[in-house]
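Numbering (the numbering used here), first residue to last: 1328 to 1557.
Virtual Cβ for every residue (Gly too), placed ideally from N, Cα, C.
Just so you know, these numbers come straight off a predicted model, no measurement behind them.
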């Protein structure tokens, strides 16, 4: 959950998000080292009389500033490609949920069950209970079991939307007529908030996403109650 004056990412709640945080730190360190080196060279050239400012040709310098950037790009690209393949890998999901974007709410369908589906609307500010978050709470949460591979099929009924939950490291476009898929494993129980991340109209800011990860037995009880009410 984000908080005021936060500078970093939200706490990771999935293995993919943990990998993204590690890659962010890795890339940021490389950027910091490059910035420090460039700043040092600029200061040295301006402040010392021992620098030759009129070098017209140097084979050694040409080799260095060709090979060094190539090495840096490889150090960034290899971990990035690994995470991209990890994010696309979906092996034997225990549960499949179809998330459909509408103007302006989400609907969820648990495809492994015969009749488990519901719409998820934002709770108006005047109806919030103490401790609930403005513009983030929904009347129905997407409930999933913890430590289980979950596949999410994402599409839209009308215009472009985007199903995004930062703590889980997920952002998938919802495109009308197209079925995209993503997957995650919630590594700890909790409630994780997201929002539509594609401008979709006047009430774009009012279609939040709430994913609640619970132990398996709690999920089975919840699904049984939802099926009884259907």
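For the beta strand (DSSP E) that residue i lies in, which residues bound it at each end?
{"i": "residue 1481", "result": "1476-1483"}
{"i": "residue 1417", "result": "No beta strand (DSSP E) contains residue 1417, which DSSP labels as neither H nor E."}
{"i": "residue 1432", "result": "1432-1437"}
{"i": "residue 1452", "result": "That residue, residue 1452, is in no beta strand (DSSP E); it is neither H nor E in DSSP."}
{"i": "residue 1510", "result": "1507-1512"}
{"i": "residue 1332", "result": "Where residue 1332 is concerned, there is no enclosing beta strand (DSSP E), given that its DSSP letter is neither H nor E."}
{"i": "residue 1457", "result": "It is not in any beta strand (DSSP E) - residue 1457 carries neither H nor E in the DSSP assignment."}
Where does the unbroken alpha helix (DSSP H) through residue i begin, and where does it stop?
{"i": "residue 1519", "result": "Premise fails: residue 1519 lies in the beta strand (DSSP E), 1517-1523, not in any alpha helix (DSSP H)."}
{"i": "residue 1556", "result": "1543-1556"}
{"i": "residue 1499", "result": "First-last for residue 1499: 1497-1501, but that is the beta strand (DSSP E), not the alpha helix (DSSP H)."}
{"i": "residue 1532", "result": "Residue 1532 -> no alpha helix (DSSP H), and no H or E assigned at all."}
{"i": "residue 1352", "result": "1342-1374"}
Let me make sure I understand the geometry here. Which of the options has the alpha-carbon closest to that of residue i?
{"i": "residue 1469", "options": "1524, 1410, 1520", "result": "1520"}
{"i": "residue 1528", "options": "1554, 1429, 1467", "result": "1429"}
{"i": "residue 1351", "options": "1333, 1406, 1471, 1458", "result": "1406"}
{"i": "residue 1451", "options": "1535, 1550, 1338, 1547", "result": "1535"}
{"i": "residue 1545", "options": "1490, 1553, 1472, 1515", "result": "1472"}
{"i": "residue 1421", "options": "1366, 1438, 1331, 1409", "result": "1438"}
{"i": "residue 1506", "options": "1408, 1369, 1424, 1332", "result": "1424"}
{"i": "residue 1549", "options": "1440, 1330, 1337", "result": "1440"}
{"i": "residue 1449", "options": "1515, 1458, 1522, 1427", "result": "1522"}
{"i": "residue 1513", "options": "1478, 1489, 1329", "result": "1478"}
{"i": "residue 1552", "options": "1498, 1442, 1375", "result": "1442"}
{"i": "residue 1365", "options": "1409, 1330, 1419, 1396", "result": "1396"}
Near residue i, which residues of its chain fall below 6 Å by C-beta distance, leaving aside the five closest residues on each side in sequence?
{"i": "residue 1496", "result": "1341, 1343, 1344, 1347"}
{"i": "residue 1444", "result": "1436"}
Enumerate in chain order the residues of its own chain whose CB-to-CB distance from residue i is below 8 Å, with the five nearest sequence positions on each side excluded.
{"i": "residue 1399", "result": "1357, 1361"}
{"i": "residue 1392", "result": "none"}
For residue i, which residues of its own chain have a beta-carbon under 7 Å away from its beta-carbon, when the five flanking residues on both sides are left out?
{"i": "residue 1402", "result": "1357"}
{"i": "residue 1524", "result": "1489, 1491, 1498"}
When you compare the region 1356-1375 with the region 1526-1543, are there three or more beta-carbon pairs, one atom per stretch, that lie closer than 8 Å?
no
With three or more beta-carbon pairs closer than 8 Å as the criterion, would you say the region 1500-1510 touches the region 1467-1482?
Short answer: they touch.
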